[in-house]
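The structure appears below as structure tokens.
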Amino acid sequence: MKNKLVTLMCACLPFVSQAALGHQENSVIPKISVQLWSVKDDIKSSFKQTISSLANMGFQGVEFAGSFGPFENNPEGLKAFLKAKNLAASGAHLGFEQLNKQNFADTVAFYKAAGVSMLIVPWDERAWHPEGVKEVVSLLNDLSVQLKPHGMRIGFHNHDQEFNSFEGTTYWDYIAENTSQDVVLQQDVGWTTYAGKDPVEYVKRYPGRTLTTHYKVKLPEGTKGKLPIIGKDTIDWLALTKANIAVGGTLWIVVEQEEYPNGLTPMEAVQQSKRGLEKVLKQL
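Everything in the sequence shown is counted per the numbering used here, starting at 1232 for the first residue and increasing by one.
Written as structure tokens, this is what we have:
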């Protein structure tokens, strides 16, 4: 991967905003990770073998979704295992309750030892409630401050509901506009397009906020002749990737697969989407 030094510098300086860098266009291609929820049954039945298979596909990282196999109480061992497979942790999905007053210290200690610096909340029904969304914003801002001394970031991940209308805009825009620049906006491209929105526009609308982004297909209702596989769908992945590189500050592209068409196993579907993504990256 080209420009590894620049990528390393970006990873080591997670709190330098794109604003501070003048939003200069860069040529660093994000690293490629996979959300382990994509193969959740495989992970539960054979954690080590599944991780090894993903590494053999050429992934550079994994994003955790709450399952750690034999490393449930051994984050140092987890980090070492990933390193042995030439993998890094691009992030982890977890709920707000794991970062409340009672759990904050233990959660931070675990993920820090495991080498995880981006903690992403993947789902909270308050995010599309007129009053609840304000609670979400407050929690994200508070946690951003609390995590910063630990070299960690908090982030939020969208579904389609966050694009419902709210106060003349959308809930997602409200979250973006009322949270700190340090809060990661992990766009789930599949849900963005399913909601009828343009994922490229949303990367450009909030520069430097898309440090990690989910490349997933969720076909809009009524779509014919397409598959929920990267490269066999309706999304302009090349334009999106160029925006992520030039404007989003994206460090990680996270492949996520929640549908497995034509009888494909989860692992087979993940591999097909990765191959589709590789074709896109060759066009850069």
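Note that the Cβ used here is the ideal one computed from N, Cα and C, for glycine as well. Please read all numbers here as calculations on a predicted model, not as lab measurements.
- If you ignore the 5 residues before and after residue 1345, its C-beta comes within less than 7 angstroms of the C-beta of 1306, 1309, 1310, 1320, all in its own chain and listed in chain order.
- If only complete runs of 3 or more residues are kept, the segment 1284-1333 shows the beta strand (DSSP E) at 1292-1295, 1319-1324, in order along the chain.
- Secondary structure note for residue 1263: its beta strand (DSSP E) is the uninterrupted segment 1262-1266.
- In the three-state DSSP reduction, residue 1386 falls in the strand class (E or B).
- If you look at residue 1351, you'll find it in the beta strand (DSSP E) that goes 1349-1352.
- Here residue 1351 really is in contact with residue 1415; their C-beta atoms are around 7 angstroms apart, less than 8 angstroms.
- With a threshold of 16 other beta carbon atoms within 10 Å, residue 1380 falls short and is exposed.
- Between residue 1261 and residue 1476 the beta-carbon gap is near 7 angstroms, inside 8 angstroms, which marks them as a contact.
- Per DSSP, the unbroken beta strand (DSSP E) holding residue 1444 starts and ends at 1443-1446.
- When Cβ pairs closer than 8 angstroms are counted between the two stretches, the segment 1311-1318 is seen not to touch the segment 1357-1369, the count staying below three.
- Boundaries of the beta strand (DSSP E) around residue 1415: 1415-1417.
- For the set 1447, 1480, 1449, the Cα lying nearest the Cα of residue 1439 is the one of 1480.
- Its Cα nearest to that of residue 1421, the residue 1452 stands out among 1275, 1297, 1452, 1364.
- Looking from the CA of residue 1265, the closest CA among 1278, 1277, 1295, 1273 belongs to 1295.
- Contact check between the segment 1453-1465 and the segment 1282-1292: fewer than three CB pairs, one atom from each, fall below 8 angstroms, which does not count as touching.
- Where residue 1484 is concerned, the enclosing beta strand (DSSP E) starts and stops at 1483-1486.
- Between the C-alpha atoms of residue 1432 and residue 1467 there is a straight-line separation of about 12 angstroms.
- The residues 1491, in chain order, have a CB closer than 8 angstroms to that of residue 1499 in the same chain once the five nearest residues on each side in sequence are set aside.
- Residue nearest to residue 1360 within the set 1396, 1437, 1496, 1375 is 1396 (criterion: CA-CA distance).
- Annotation: residue 1353 to residue 1388 spans about 5 angstroms, alpha carbon to alpha carbon.
- Going by DSSP, residue 1451 is part of no alpha helix (DSSP H) at all; its letter is neither H nor E.
- A Cβ-Cβ contact shorter than 9 angstroms links residue 1300 with residue 1278.
- Burial state of residue 1450 is buried, judged by a 10 Å Cβ sphere holding 16 or more other Cβ atoms.
- Look at residue 1269 here: in three-state DSSP terms it is helix.
- In this structure residue 1469 is exposed. Its beta-carbon is surrounded by fewer than 16 other beta-carbon atoms within 10 angstroms.
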